[in-house]
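In our numbering, the protein residues as written are 1 to 241. For reference, the structure discussed in these notes is given below.
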């Protein structure tokens, strides 16, 4: 005897289940961000709270990334020999040809375990000259990220540093913080191509002016300077924490 067809409501339910399952698969393999991590190995690295910031904040940040590059703040950040290789977190097409979300998460979890150890190693870079070259670290990181940029992905950078740049053309400790002087310094840095191109990047800084209590009157003015400097570089949004 011929098999009777399914009732209309059952067929409709089957279609909904297929659509729902497809949605889960798509969500499981959707593109995440191209990311960068900067770790300050100068005096910022001394307090235990700096290392705690990295171990507590970086894992959640990394989960939103498809690829992560690294840079260290030293006395000579761009030419530093203290490097860590980037971590490609997302599964490749060869590793996950069917966009299976279970495979994707398995690859991500495995690769994600490499991120924190590499970042923590940057705390212990050997001394390279005096001072702290934060802008150099940003420029070096952006060079890495530029090769990975994709229009359909977010781009974000997490910085573990007090941003006390005191090398080269920017010495925060001697910076004239009058509004006109701040604007002039930012223009000088931009004209000299010392500001990195952060167009399209979200930036979050942990440990900003960690020792701000030593000179509290300068804190809001330095915060204003760095916000304008990041804005001039194209970054948005910017969080200084």
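Think of the CB as a built atom: it goes at the ideal place given N, C-alpha and C, for glycine as much as any other residue.
| Going by the beta-carbon positions, is the gap between residue 72 and residue 39 smaller than 8 Å? | Contact: yes.
| task | Please name the residue or residues paired with residue 156 in a DSSP beta bridge. | result | Partner(s): 35 and 202.
| query | residue 161 to residue 121, Cα distance in whole Å? | reply | Computed Cα separation, rounded: 15 Å.
| In the structure shown, what three-state DSSP assignment does residue 208 receive? | If DSSP states are grouped into helix, strand and coil, residue 208 belongs with coil.
| Residue environment, residue 149, which counts as buried when at least 16 other CB atoms sit within 10 Å | Its Cβ having fewer than 16 others within 10 Å, residue 149 is exposed.
| Reduced DSSP secondary structure (H/G/I, E/B, other) of residue 53 | Helix at residue 53.
| message | Bridge partners for residue 71 per DSSP, in chain order? | response | Under the DSSP definition of a beta bridge, residue 71 partners with 38.
| request: Using alpha carbons as the reference points, say which of 171, 164, 165 and 138 lies closest to residue 198. | output: Selection 171, 164, 165 and 138 evaluated against residue 198 yields 138 as nearest (Cα-Cα).
| Pairwise C-alpha distance: residue 84 and residue 190 | Distance between the alpha carbons of residue 190 and residue 84 is about 28 Å.
| In DSSP terms, what residue 239 is bridged to | When beta bridges are read from the DSSP output, residue 239 appears opposite 204.
| query | Thinking C-beta only, is residue 63 closer than 8 Å to residue 136? | reply | Contact flag unset, no.
| query | Among 236, 37, 216 and 227, which has the Cα closest to the Cα of residue 118? | reply | Among 236, 37, 216 and 227, the Cα nearest to that of residue 118 belongs to 37.
| Distance, Cα to Cα, residue 87 vs residue 114? | Taking the straight line from one Cα to the other gives about 7 Å.
| Helix, strand or coil at residue 135 [DSSP, three-state] | In the structure shown, residue 135 sits in a helix (DSSP, three-state: H, G or I).
| request: Answer yes or no: do residue 33 and residue 153 have a C-beta to C-beta separation smaller than 8 Å? | output: Taking 8 Å as the cut-off, the Cβ atoms of residue 33 and residue 153 count as close.
| field | Cβ-based neighbour list, residue 164, same chain, cut-off 6 Å, excluding 5 preceding and 5 following | value | Excluding sequence neighbours, residue 164 sits near 132 and 172.
| Straight-line gap, residue 186 to residue 124 (C-alpha atoms, nearest Å) | For residue 186 and residue 124, the distance between alpha carbons rounds to 31 Å.
| Ends of the alpha helix (DSSP H) at residue 104? | Looking at the DSSP string, the run of the alpha helix (DSSP H) that includes residue 104 is 101-112.
| request: From the DSSP output, in three-state form, read off residue 167 for me. | output: Residue state, collapsed to three classes: strand.
| What's the call for residue 217, buried or exposed, on a 16-neighbour Cβ count within 10 Å? | By the C-beta density criterion, residue 217 is exposed, having fewer than 16 other C-beta atoms within 10 angstroms.
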